[in-house]
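**Student:** Numbering (the numbering used here), first residue to last: 9 to 129. Ideal Cβ positions, reconstructed from N, Cα and C, are used throughout, including at glycine.
Given below as structure tokens:
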């Protein structure tokens, strides 16, 4: 399980690589493993996965599964980052639409009430 420092180190490798980012597949492979870490690691995973998602289509399954694992997690502190990540990934790749079983998102649907403003009629 990668710790905060390792996640930042791998993110730095990818960010510094610019056009050669695809040559650092091993750095991106480490990031989804952070879902088994603590709150800080989970938040970083939710933020880092979408940044390089398009460059590593062969790792899409593990990246999406990591985000969905976070949706099912009891720790809801990273929920907003997860939702933003999933929206971003879907809007840029349209990967999620037919491939994600909605039941994986349902456990965290109760958390949406914290992010949806009330409607006043």
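Short of 8 Å in beta carbon distance, which residues of its chain neighbour residue 31, apart from the five on each side in sequence? Order them along the chain.
**Tutor:** Only 25 meet the Cβ criterion.
**Student:** When the distance is taken between beta carbons, is residue 12 closer than 9 Å to residue 45?
**Tutor:** In this structure, residue 12 lies closer than 9 Å to residue 45 by Cβ.
**Student:** Can you list, in chain order, the residues of its chain with a C-beta nearer than 6 Å to that of residue 35? Leave out the 5 residues immediately preceding and following it.
**Tutor:** If we look at residue 35 and ignore the five residues flanking it on each side, its Cβ neighbours are 18, 21 and 22.
**Student:** Suppose you measure from the CA of residue 79 to the CA of residue 39; what does that come to, to the nearest Å?
**Tutor:** Those two C-alpha atoms are separated by around 16 Å.
**Student:** Shortest alpha-carbon distance to residue 3 belongs to which of 58, 10 and 14?
**Tutor:** Residue coverage of the chain in this structure runs from 9 to 129, which leaves residue 3 outside it and unanswerable.
**Student:** Measure the alpha-carbon distance for residue 87 versus residue 66 and round it to whole angstroms.
**Tutor:** Cα-Cα distance, rounded: 25 Å.
**Student:** Once you ignore the five residues that flank residue 54 on each side, which residues in its own chain have a CB closer than 7 Å to its CB?
**Tutor:** Once the five neighbours on either side are set aside, the close Cβ partners of residue 54 are 75, 78, 86, 89, 90 and 93.
**Student:** Which two residues bound the contiguous alpha helix (DSSP H) that contains residue 13?
**Tutor:** It spans 12–25 - the alpha helix (DSSP H) in which residue 13 sits, taken as one unbroken run.
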